[in-house]
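Undergrad:
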Amino acid sequence: MKKFYTIIGQQHIGKVNYGHKNLTLKCMFPITAHISTVIKEGEKFEVVAVDSFDTMDSHKNVELLKEELKKSFNNDFEFHYVNAHFEHEQKSQIQTFMRLYETFKENDQVYFDITFGLKPTPMTVFVSCNYAQKFIPGLKICDVVYAHYTFGMDENYVHPIVDVTSLFLLNNLIESISRFEEKDPMKFLKTVFNFDEM
Numbered sequence: 039m040k041k042f043y044t045i046i047g048q049q050h051i052g053k054v055n056y057g058h059k060n061l062t063l064k065c066m067f068p069i070t071a072h073i074s075t076v077i078k079e080g081e082k083f084e085v086v087a088v089d090s091f092d093t094m095d096s097h098k099n100v101e102l103l104k105e106e107l108k109k110s111f112n113n114d115f116e117f118h119y120v121n122a123h124f125e126h127e128q129k130s131q132i133q134t135f136m137r138l139y140e141t142f143k144e145n146d147q148v149y150f151d152i153t154f155g156l157k158p159t160p161m162t163v164f165v166s167c168n169y170a171q172k173f174i175p176g177l178k179i180c181d182v183v184y185a186h187y188t189f190g191m192d193e194n195y196v197h198p199i200v201d202v203t204s205l206f207l208l209n210n211l212i213e214s215i216s217r218f219e220e221k222d223p224m225k226f227l228k229t230v231f232n233f234d235e236m
């Protein structure tokens, strides 16, 4: 099943135009626009809200997200909540990793929006996705995106949703090369990416 993860922020969110692929959609949460480019009408999917703040404001945003999704997709989705309350201690970061990992299932097609949240949360997401793709049968990371929001623009401005999946894939490629390419891994990478100079 297609499963969409989004990190919840705690600031008040207004509706703006988000653009992704050939779609522009006015909404509060970029994940809504992203889902609209992936899901066919009536297709069932899951949404996992990852809350790295665990405050009254972030809880309100979780409810606003549910409402927005319901308006856009009726009852075609299952909604799950992950409390990923962030602290700077290693134990807290490991807890977040474990809570995320426990939501992955066999044959999931995973889409991740890392627009909001504290800076370490997207890093934890990358680690969780990397681990899950290696150890959960059939699981595939389809994409990782974020909304590039530009402050001070007029209401007609379209804020692009940027695909950073290539960074996730690059990490996996480098990991694989490091296991097999002993002499000159950079030379191998340059050949793979067709770079004469780096």
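Here the sequence shown stands for residues 39 to 236, numbered as in the numbering used here. We treat Cβ as the ideally placed atom computed from N, Cα and C, and that holds for glycine. These numbers come from a predicted model, not from an experiment.
1. If you run the structure through DSSP and keep just helix, strand and coil, what is K225?
2. Name the one or two DSSP bridge partners that K178 has.
3. Can you have a look at V148 and say buried or exposed, based on whether 16 or more other CB atoms are within 10 angstroms of its CB?
4. As a quick exercise: from N55, F91 and F150, pick the residue whose alpha carbon is nearest that of D201.
5. How many angstroms separate the CA atom of N168 from the CA atom of L138?
6. In chain order, what residues of the same chain have a beta carbon less than 8 angstroms from the beta carbon of I46, not counting five sequence neighbours either side?
7. Count the other CB atoms within 10 Å of the CB of Q128; is the residue buried (16 or more) or exposed (fewer)?
8. Assuming F41 contacts E84 (C-beta within less than 8 angstroms), just tell me the rounded distance between them.
9. Under 8 angstroms, with one C-beta from each stretch per pair, do the stretch 166-180 and the stretch 58-73 reach the 3-pair mark?
10. Return the bridge partner residues of N55 from the DSSP annotation.
11. Taking F135 as the reference, which of P160, F115 and E116 has the closest Cα?
12. Go ahead and label V230 buried or exposed: buried means 16 or more other beta carbons lie within 10 angstroms of its beta carbon, across all protein chains shown.
13. Does DSSP put M236 in a helix, a strand or coil?
14. Using the C-alpha atoms, what's the distance from K143 back to D226?
15. Does the distance from the C-beta atom of D146 to that of M39 stay below 8 angstroms?
TA: The answer reads as follows:
1. Within the sequence shown, the letter at position 187 stands for residue 225. Correct three-state label for K225: helix.
2. Within the sequence shown, the letter at position 140 stands for residue 178. According to DSSP, K178 bridges with Q147.
3. Here residue 148 refers to the residue found at position 110 when the sequence shown is read from its first residue. Buried, because 16 or more other Cβ atoms sit within 10 Å of the Cβ of V148.
4. Along the sequence shown, one-based indexing puts residue 201 at 163. Checked all of N55, F91 and F150; the closest Cα to D201 is F150.
5. By 1-based counting over the sequence shown, the position of residue 168 is 130. By 1-based counting over the sequence shown, the position of residue 138 is 100. For N168 and L138, the distance between alpha carbons rounds to 12 angstroms.
6. Working through the sequence shown from its first residue, we reach residue 46 at position 8. Cβ neighbours of I46 beyond the five flanking positions: A87, V88, D89, S90, F91, S96, N99, V100, L103, F154 and G155.
7. On the sequence shown, position 90 is the one that residue 128 refers to. Classification for Q128: exposed.
8. On the sequence shown, position 3 is the one that residue 41 refers to. On the sequence shown, position 46 is the one that residue 84 refers to. The sequence given here places Lys at residue 41; Phe does not occur at that position. A Cβ-Cβ separation of about 4 angstroms places K41 in contact with E84 under the 8 angstroms criterion.
9. no
10. Within the sequence shown, the letter at position 17 stands for residue 55. Answer is K64 and V196.
11. Sequence index remark: in the sequence shown, residue 135 carries index 97 (1-based). Here the closest residue by C-alpha is P160.
12. Position 192 of the sequence shown holds residue 230. Answer is exposed; the Cβ neighbour count stays below 16.
13. By one-based count along the sequence shown, residue 236 stands at place 198. Below a pLDDT of 50, predicted positions are generally treated as unreliable, and M236, at 48, falls in that range; no measurement from the model is reported.
14. Along the sequence shown, one-based indexing puts residue 226 at 188. Along the sequence shown, one-based indexing puts residue 143 at 105. Note that residue 226 is Phe in the sequence shown, not Asp. Whole-angstrom Cα-Cα distance: 34 angstroms.
15. What you label residue 146 is simply residue 108 of the sequence shown in a count that begins at 1. What you label residue 39 is simply residue 1 of the sequence shown in a count that begins at 1. Their beta carbons are under 8 angstroms apart, which means D146 touches M39 by this criterion.
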